Amino acid sequence: MLSKELVAASTEPIVLAILAEGESYGYAIIQRVRALSAEQIEWTDGMLYPVLHRMEKRGLIQARWGESETGRKRKYYALQNDGQKAIAEHHRQWSLVQSVLSGLRKEQYV
Amino acid sequence: MSDLETSITEWRTRLHAAGITATATLDELESHLRDDFAAQIDSGLTAEQAFARAVENLGSPQDLQREFAKPVHPKAQRGQLDLTLLAAILQCALTALVLFAPDMTPGQRLSGIAAIGASVLIAATLRSAHRLLPAIREPRHRQALLLTLGLLPCLTIAFLAQHFLTDPEISAGAYLAQLLWVSSPPLAAYFGIIGAVEAAARKDDDAPSAIA
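Residue numbers (our numbering), protein chains in the order written: chain A, 59 to 168; chain B, 11 to 222.
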């Protein structure tokens, strides 16, 4: 299981990257993360929604009410330009951390 | 299945009691609950088990409420310029200027103070109208609106200055008082509106419970 800090830090970049693939809704996002991480990343379902709401307020994503396949109300989220920029920034930061860790690992095996 | 509907209504009441009162939020969580319920049924659970599992998966109402209540921006980013504070400092500086400037008659000082007072009133009134304004979410749209609106105080001041500040014989004290009347109210109106637009944008469309 991932540490709480890591889960918290990775939530936004993961959600943004999923929405970069196209509009989606909370439940589908959670399912996608489970599938992508082979169940290693398991968010508490409800906790995703405050995150989505905050991201919407910051202008990273935009929400609209639509309908599910059964005609029920469902809230869909779409990536915005600012969200695209945030993705790039997240990528830059994660790549940096990753390269530092990789570099250190290589040194240890020399 | 009316059992499901009853259970969902009870569940909504529990969330509401925990402080999650915004209808849009409850609707969204309910939509998730129903999706999860259906998935649990598909994987073979009974209706009761499926509902219990789906509710559990959402997390405790208290934890949810705490998350929803967290501020939008992490503390590091919240150092936005407080326009209200800036305006207050400006008003104090102007008031000091009017009170202590040399060569002003008491009448002129009073006039200057009155202009500042009127401006404060105008700014405060407009600022408090944020509840009447729609929330303009996109920062870029807000910026465009405020830049465009900025033309109004400029034009108003230019117009008023042209009409009223024309006497070359006027004393410095009288000039200061009249300058304050010409410039402060339009600027105060403008800054009041800026404050209201920004406040309206921060207002949560999920009304009572949610984020600060």
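Glycine included, every Cβ here is placed at the ideal spot set by N, Cα and C. Because the structure is a prediction, the values reported are computed rather than measured.
Out of the options, state which residue places its alpha-carbon closest to the alpha-carbon of residue i.
i, options, result
"Arg116 (chain A)", "B:Gln75, B:Val82, B:Leu190", "B:Val82"
"Ser41 (chain B)", "B:Leu14, B:Glu58, B:Ser53", "B:Leu14"
"Leu175 (chain B)", "B:Ala106, B:Gly29, B:Leu189", "B:Leu189"
"Thr16 (chain B)", "B:Ser53, B:Glu58, B:Asp52", "B:Glu58"
"Ala211 (chain B)", "B:Pro149, B:Val108, B:Leu55, B:Leu39", "B:Pro149"
"Asn139 (chain A)", "A:Leu118, A:Leu154, A:His149, A:Ser153", "A:Leu118"
Taking Cβ positions, are residue i and residue j nearer each other than 9 Å?
i, j, result
"Leu43 (chain B)", "Leu74 (chain B)", "no"
"Ala28 (chain B)", "Gln72 (chain B)", "yes"
"Ile145 (chain A)", "Leu64 (chain A)", "no"
"Leu224 (chain B)", "Ala111 (chain B)", "In the structure as shown, chain B starts at 11 and stops at 222, and residue 224 (chain B) therefore has no counterpart that could be examined."
For a contact defined as C-beta to C-beta under 7 Å, what are the partners of residue i on chain A?
i, result
"Arg24 (chain B)", "Under the 7 Å cutoff, chain A gives no residues; its nearest Cβ is about 13 Å from Arg24 (chain B)."
"Arg152 (chain B)", "The premise fails here: Arg152 (chain B) is roughly 10 Å from chain A at the closest Cβ pair, so nothing lies under 7 Å."
"Pro149 (chain B)", "Gly117"
Residues of chain B with CB closer than 8 Å to the CB of residue i, please, in chain order.
i, result
"Met105 (chain A)", "Gly69, Asp73, Leu74, Glu77"
"Arg116 (chain A)", "Val82, His83"
Skipping 5 residues on each side, what residues in its chain have a beta carbon closer than 7 Å to that of residue i?
i, result
"Ile88 (chain A)", "Trp101, Asp103, Leu106"
"Leu159 (chain A)", "none"
"Ala66 (chain A)", "none"
So, for residue i: in the same chain, excluding its five sequence neighbours on each side, which residues have a beta-carbon less than 8 Å away from its beta-carbon?
i, result
"Arg82 (chain A)", "According to the sequence displayed, residue 82 (chain A) carries Ser and not Arg. For Ser82 (chain A), where only same-chain residues beyond five positions count, the Cβ hits under 8 Å are Ile76, Arg90, Tyr134, Tyr135."
"Ser157 (chain B)", "Sequence inspection shows Leu at residue 157 (chain B); the Ser mentioned does not correspond to that position. Excluding sequence neighbours, Leu157 (chain B) sits near nothing in its chain."
"Ser95 (chain A)", "none"
"Arg132 (chain A)", "Tyr83, Trp123, Gly124, Glu125, Ser126"
"Arg92 (chain A)", "Ile99, Glu100"
Whose Cβ in chain B lies nearer than 9 Å to the Cβ of residue i?
i, result
"Lys133 (chain A)", "Ala34, Asp37, Glu38, Ser41"
"Gly84 (chain A)", "Glu38, Leu39, Ser41, His42, Asp45"
"Arg150 (chain A)", "Going along chain B, no residue has its Cβ under 9 Å from Arg150 (chain A), so there is no contact; the nearest lies around 18 Å."
Spatial neighbours of residue i within its chain, please: C-beta separation below 6 Å, excluding the five flanking residues on both sides.
i, result
"Tyr200 (chain B)", "Pro163"
"Arg22 (chain B)", "Leu36"
"Gln166 (chain A)", "none"
Can you pull the chain B neighbours of residue i, defined as C-beta to C-beta under 7 Å?
i, result
"Thr69 (chain A)", "What Thr69 (chain A) touches in chain B: nothing, since even the nearest Cβ is about 11 Å away."
"Arg122 (chain A)", "Near Arg122 (chain A) there are no residues of chain B at all, since even the closest Cβ is about 12 Å away, more than 7 Å."
Since residue i and residue j are thought to touch, with beta carbons under 8 Å apart, how far apart are those beta carbons, to the nearest angstrom?
i, j, result
"Glu12 (chain A)", "Val109 (chain A)", "Here chain A comprises residues numbered 59 to 168, so residue 12 (chain A) is not present and cannot be evaluated."
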